[in-house]
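Counting in our numbering, the sequence shown runs from 1 upward without gaps. The structure appears below as structure tokens.
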Amino acid sequence: MVIKEIINFLVVAIIILVSLTYVHELGHAYLAKIFGCSAKSVIFDDYFVSYTAVSCKSYNDLIALGGIIFSVIFSFLYLVLGKEYFFLSLSISLLLALDDLSIFINPFIIILFAAINSFYSYFLFFDKIKQEKREISL
């Protein structure tokens, strides 16, 4: 039973990673278009790297924040699955935006906050499994 739940969690985590990568790059491209720039998003190139190539006359730092803004908004959709998936998606959003946010914040703080969110997500997940086991045994 626990193995099945862990596999389910990992599958959902991979889905979250792929979907948030897409949404993150879409956020950059959308804000680039708003600021009059041209943008081309690449999701997972040959080296499994994603990026958005932006061409502007004058670059705006807000374009760098487009990825995290869209990712965080999208993360709220995962509340439907449970708080543990919401916090996991926030962690992934922060890690996807690490390079973008390092313009504004020390990367160590971003990694620390992402790690705290990840651990909280895992604790919520395993607490949920314990509660389900207790209910089954009653």
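We put the beta carbon where it would ideally sit given N, CA and C, even for glycine.
query                                                                                            : result
Unbroken beta strand (DSSP E) run spanning K57, endpoints                                        : From DSSP, K57 is part of no beta strand (DSSP E); its letter is neither H nor E.
Check whether L79 and S121 have beta carbons under 8 Å apart                                     : no
Helix, strand or coil at S50 according to DSSP, with G and I counted as helix                    : coil
Assigned secondary structure, S102 (DSSP; H/G/I helix, E/B strand, else coil)                    : coil
Minimum C-alpha distance to Y30 - residue among I63, F48, K57 and S58                            : I63
As assigned by DSSP and simplified to three states, the class of A97                             : coil
Close Cβ partners of A39 (< 6 Å) along its chain, the five nearest in sequence each way excluded : A29, A32, T52 and V54
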